[in-house]
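Data block below; observations after.
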Amino acid sequence: MVDLVVRESDCASALKLSDDPRDNFPTVFATTRMIALMELAGARILHPLLQSGEMSVGAHVDVSHTAATPIGAKVTARATYRGRDGKLFVFDVIAHDPAGEIGRGTHKRAIVSRARLIAGAAKRR
Numbered sequence: 189m190v191d192l193v194v195r196e197s198d199c200a201s202a203l204k205l206s207d208d209p210r211d212n213f214p215t216v217f218a219t220t221r222m223i224a225l226m227e228l229a230g231a232r233i234l235h236p237l238l239q240s241g242e243m244s245v246g247a248h249v250d251v252s253h254t255a256a257t258p259i260g261a262k263v264t265a266r267a268t269y270r271g272r273d274g275k276l277f278v279f280d281v282i283a284h285d286p287a288g289e290i291g292r293g294t295h296k297r298a299i300v301s302r303a304r305l306i307a308g309a310a311k312r313r
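In this note's numbering, each number is its position in the sequence shown, counted from 1, plus 188.
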């Protein structure tokens, strides 16, 4: 379980993905931040399994964001280990604020070599 108090920088309006004025996003908790919090909840469950030089990475997310959360509200994300899908660890994830559930879904993570991941990313330049 992980908690976050929503700041302006956590809002969809802070993403600034476009200069087009029609692409204005609301000042509410961003879906991307909710997913990141859900991923962190899953990652923390895997901490005891990590060997030296390893880390867990997100491999799949299937999430619905169902309610808006304002600045100043506390969001809590929980991950529950569901099992394995090959090499992937599968989690049910849910997030809520003081008013109730704001999102839920499934998240999958893999345990990888940190050095191998960074080297593989560098080859993609």
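Even for Gly, the Cβ is constructed at its ideal location relative to N, Cα and C.
Original post:
What span of residues does the alpha helix (DSSP H) with T264 cover, start to end?
Top reply: Translated into the one-based positions of the sequence shown, residue 264 becomes position 76. For T264, there is no enclosing alpha helix (DSSP H); the residue is found in the beta strand (DSSP E) stretching over K262 to D273.
Original post:
In angstroms, rounded to a whole number, what distance separates the CA positions of A202 and A283?
Top reply: Against the sequence shown, residue 202 aligns to sequence position 14. Against the sequence shown, residue 283 aligns to sequence position 95. Their Cα atoms are separated by approximately 20 Å.
Original post:
For S252, which residues of its own chain have a beta-carbon under 8 Å away from its beta-carbon, when the five flanking residues on both sides are left out?
Top reply: Residue numbering aside, residue 252 sits at position 64 when the sequence shown is read from its first letter. If we look at S252 and ignore the five residues flanking it on each side, its Cβ neighbours are G291, R292 and G293.
Subject >> Contacting residues, own chain, Cβ-Cβ under 7 Å from V245 (five flanking each side not counted) >> reply: Residue numbering aside, residue 245 sits at position 57 when the sequence shown is read from its first letter. Once the five neighbours on either side are set aside, the close Cβ partners of V245 are R297, A298, V300 and L305.
Original post:
By DSSP, does R312 sit in helix, in strand, or in coil?
Top reply: Numbered from 1 along the sequence shown, position 124 holds the residue referred to as residue 312. Reduced to three states, the DSSP call for R312 is coil.
Subject >> Three-state class that DSSP yields for I282 in the structure shown >> reply: For this step, residue 282 is matched to residue 94 along the sequence shown. Note: I282 maps to strand in three-state DSSP.
**OP:** In angstroms with no decimal places, state the Cα-to-Cα distance between L238 and L228.
**Re:** The residue you call residue 238 lines up with position 50 of the sequence shown. The residue you call residue 228 lines up with position 40 of the sequence shown. Those two C-alpha atoms are separated by around 15 Å.
Original post:
Is it the case that the CB of S240 approaches a heavy atom of the ligand SAH more closely than 7 Å?
Top reply: The model on display carries no ligand, and the ligand SAH is accordingly not part of it.
Original post:
Roughly how many whole angstroms lie between the Cα atoms of A261 and A309?
Top reply: Counted from its first residue, the sequence shown places residue 261 at position 73. Counted from its first residue, the sequence shown places residue 309 at position 121. Distance between the alpha carbons of A261 and A309 is about 36 Å.
Original post:
Can you give the beta carbon distance from A303 to G241, rounded, assuming they're within the 8 Å contact cut?
Top reply: Residue 303 sits at position 115 when you count from the first residue of the sequence shown. Residue 241 sits at position 53 when you count from the first residue of the sequence shown. Their Cβ separation, rounded to whole angstroms, is 6 Å, which keeps A303 and G241 in contact under 8 Å.
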